[in-house]
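Student:
There are 2 protein chains.
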Amino acid sequence: MPLASIDDDLQRNPTPAEAALTRRVDLTTLRLFVAVCDEQNLTRAAQREGIAASAVSKRMNDFELAFGVTLFKRLAKGMALTPAGEALLHHARVTLLNVEKIAVELSEYSQGVRGHVRMLANLSAIVQYLPEDLSAFFGAHGLLRVDLQERPSGQVVRGIEEGAAEIGICSAEADNARSTFSTTDTTIWSW
Amino acid sequence: MPLASIDDDLQRNPTPAEAALTRRVDLTTLRLFVAVCDEQNLTRAAQREGIAASAVSKRMNDFELAFGVTLFKRLAKGMALTPAGEALLHHARVTLLNVEKIAVELSEYSQGVRGHVRMLANLSAIVQYLPEDLSAFFGAHGLLRVDLQERPSGQVVRGIEEGAAEIGICSAEADNARSTFSTTDTTIWSW
DNA sequence: TAAAAATACTCCATAGGTATTTTAT
DNA sequence: ATAAAATACCTATGGAGTATTTTTA
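Protein sequences, first through last, are from chains A and B.
The first sequence begins at 1 in the working numbering and counts up one residue at a time.
The second sequence begins at 1001 in the working numbering and counts up one residue at a time.
1) Between the Cα of residue 102/A and the Cα atoms of 1092/B, 1108/B, 1105/B, which residue gives the shortest distance?
2) With a 10 Å radius around its C-beta and 16 neighbouring C-beta atoms as the bar for buried, classify residue 1021/B as buried or exposed.
3) Measuring CA to CA, which of 1094/B, 1066/B, 1082/B is closest to residue 1031/B?
4) Where residue 1070/B and residue 60/A are concerned, what is the direct C-alpha to C-alpha distance, given to the nearest angstrom?
5) Verify the CB distance criterion: does residue 163/A have a CB-CB separation below 8 Å to chain B?
6) For residue 1107/B and residue 75/A, I'd like the C-alpha separation in whole angstroms.
7) Using a Cβ cut-off of 8 Å (strictly closer), state whether residue 38/A contacts chain B.
8) When burial is assigned at 16 or more other CB atoms within 10 Å of the CB, is residue 1085/B buried or exposed?
9) For residue 1067/B, return the contacting residues in chain A, with the cut-off set at a CB-CB distance below 8 Å.
10) For residue 55/A, count neighbouring Cβ atoms within 10 angstroms of its own Cβ and tell me buried if that reaches 16, exposed if not.
11) Roughly how many angstroms lie between the CA atoms of residue 46/A and residue 77/A, to the nearest whole one?
12) Name the residue from 80/A, 19/A, 33/A whose alpha carbon lies nearest to the alpha carbon of residue 62/A.
13) Among the candidates 1109/B, 1036/B, 1048/B, 1024/B, whose CA atom is the shortest distance from the CA of residue 1081/B?
14) Can you give me the C-alpha to C-alpha distance between residue 1068/B and residue 1111/B, rounded to a whole angstrom?
15) For chain B, is any of its Cβ atoms less than 8 Å away from the one on residue 26/A?
16) Could you pull out every residue in the same chain whose Cβ sits closer than 8 Å to the Cβ of residue 27/A, ignoring the five residues on either side in sequence?
17) From residue 88/A to residue 1109/B, what does the alpha carbon distance come to, in whole angstroms?
18) From which residue to which residue does the alpha helix (DSSP H) around residue 58/A run?
19) Can you tell me which residues form a DSSP beta bridge with residue 1073/B?
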C-alpha cells in the first residue's frame, strides 16, 4: 500500500452542502473561538469578551455540532485545540483581520475621506483662486483625496456631465449641482 | 496650499471606536450587500438570497447609519455604488471567500480528514505488517494524513508518551491507549 | 475534589415578514 | 405612472443570562 496516496485527493471544491454550512459561520463565534484559543480556557475567554461562559460554551458546542468537528479537547484545566481547531484558528484570525479592515476603511470614509474625487478646473481658477477656495471647501466637506486636472472652462462642465469628474470649477453658471461654494468670481459645484 | 498634502495622512491605526464598530459587521449583511451590488437592485438581491426586500433595505440602511457612510446612490431603477461602497465591496468579497474556506476545511475534517497525524513504528512492523494493518486501520478511522517515522520499539512507546506522535506501532503491550487494532503479532495503539 | 465546561430554563432583543408609504424618473 | 426602496408594525426565533449539573484529571 503506497503511503503517499494517503496525502492525495485533498484539493476539493465547495459542495452545495458546504455552501449551506457557510452561513452557519458567524463573526461572533469566530471572535469567541479565537478568545478561547488565546486563553486556552473558556471561562477566561468569556470574561475577556464580556459575555457569559455558558453562552460561549453553547456557541462552541453548536459550532462543532454544525460542522461535525471537534475543535477542542476538554481538559480539567481548560480547552486544548485539536488539529481541526488549529486549522480553524488560522482562518478565523485572517477573517477577523479582514473585518477590522472593513471597519477602519469605512470609518475613514465616514470621517470625510470619500475616496478618490476627480476634479476639473480651468487654469486661471487653479492659479488664482483654488488655494483659498479649496481650503474652505475642504473645511465644509471634510477630508478628500483629490485628483485635479486642468481643463478649459467649457470642457469642465462637459467633463462633469460625462462623469469624468465629480467636482468642477469654472466661471459659468450651472444647474442641478448638489452643492456649491462661491467666492468672488469662482463657484465650485459638486455633483 | 500644497495639493499633495491632501493625499497624506491616509495610513491610520484602528482607534477604540473603530474596534467597537468591528462588531457591527456581520456576515449576513456582507452577503446581502454583495448581492445588492451584483444585482444593482435591492429587490432582486432579496429574491436571490431568499429574504424579504424590506429586511435587506433595513440592513443596508442600518449598516450605513452605523458607519456614517453612504454605500449606495438610490436611483429609480436600482442601487448604484458610491466610492465607499466600492471599497466595502472589495473587502466583503475577500471576507466571504475566507468564510467559505472555513466551511470547506471544516467539512473535510468532519469527513474524516483529521489533519496531520504523526506515527511511529519499528522497522520490522513497517516492512512486514504495516501495509495490511494500515489499510484496516484507515478503514476503521477514516481518511488521515500520515507522517510515518521509523523508531526502535522502545522509542516508539517513549515518543508517544512525550507527545512526539499520536500513533505508535510496536510489539509490546501498552495501557491507557484509547483504541487498538491488532493483527497476528502487531498491535496499533492510538492515543 | 476542585476547577472548568455543559446543560436547563427563562427572558428579551433583534431580525424577518406583511402591508403601506415614499421616492425617483 | 411605475418600479423600487424605505418605513411602520408585529411576531417569533435565537442568543444571552442565572442557576445547576456534569465532566475531567
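All C-beta atoms, glycine included, are put in the ideal place defined by N, C-alpha and C.
Tutor: Taking the structure as given:
1) Position 102 of the first sequence, counted from the first residue, corresponds to residue 102/A. If we check each option's Cα against that of residue 102/A, 1092/B comes out closest.
2) In the second sequence, counting from the first residue as 1, residue 1021/B sits at position 21. Residue 1021/B comes out buried.
3) Locating residue 1031/B in the second sequence gives position 31, where the first residue counts as 1. If we check each option's Cα against that of residue 1031/B, 1094/B comes out closest.
4) On the second sequence, position 70 is the one that residue 1070/B refers to. On the first sequence, position 60 is the one that residue 60/A refers to. Distance between the alpha carbons of residue 1070/B and residue 60/A: 35 Å.
5) Position 163 of the first sequence holds residue 163/A. At residue 163/A the pLDDT is 48, less than 50, meaning the model places this residue with poor confidence and gives no usable figure here.
6) Walking along the second sequence from the start, residue 1107/B turns up at place 107. Walking along the first sequence from the start, residue 75/A turns up at place 75. For residue 1107/B and residue 75/A, the distance between alpha carbons rounds to 25 Å.
7) Start at 1 with the first residue of the first sequence, and residue 38/A comes out as number 38. Answer no: the Cβ-Cβ gap between residue 38/A and chain B never drops below 8 Å.
8) Locating residue 1085/B in the second sequence gives position 85, where the first residue counts as 1. Buried: at least 16 other Cβ atoms inside 10 Å.
9) In the second sequence, residue 1067/B corresponds to position 67, counting from 1. Chain A residues near residue 1067/B: 103, 106, 107, 109, 110.
10) For this step, residue 55/A is matched to residue 55 along the first sequence. With fewer than 16 Cβ atoms within 10 Å of its Cβ, residue 55/A is classed as exposed.
11) Position 46 of the first sequence holds residue 46/A. Position 77 of the first sequence holds residue 77/A. For residue 46/A and residue 77/A, the distance between alpha carbons rounds to 15 Å.
12) Start at 1 with the first residue of the first sequence, and residue 62/A comes out as number 62. Among 80/A, 19/A, 33/A, the Cα nearest to that of residue 62/A is on 33/A.
13) On the second sequence, position 81 is the one that residue 1081/B refers to. Of all alpha-carbon atoms in 1109/B, 1036/B, 1048/B, 1024/B, the one lying nearest the alpha-carbon of residue 1081/B is that of 1036/B.
14) What you label residue 1068/B is simply residue 68 of the second sequence in a count that begins at 1. What you label residue 1111/B is simply residue 111 of the second sequence in a count that begins at 1. Answer to the nearest angstrom: the Cα atoms are 44 Å apart.
15) Start at 1 with the first residue of the first sequence, and residue 26/A comes out as number 26. With 8 Å as the cut-off, residue 26/A counts as an interface residue toward chain B.
16) For this step, residue 27/A is matched to residue 27 along the first sequence. Within the same chain, residue 27/A has close Cβ partners 95, 96, 99.
17) What you label residue 88/A is simply residue 88 of the first sequence in a count that begins at 1. What you label residue 1109/B is simply residue 109 of the second sequence in a count that begins at 1. The alpha-carbon atoms of residue 88/A and residue 1109/B are separated by roughly 10 Å.
18) As a first step, residue 58/A is located in the first sequence; it is residue number 58 there, counting from the start. Residues 53 to 67.
19) Counting from one through the second sequence, the residue named residue 1073/B turns up at place 73. Residue 1073/B is bridged to 1080/B.
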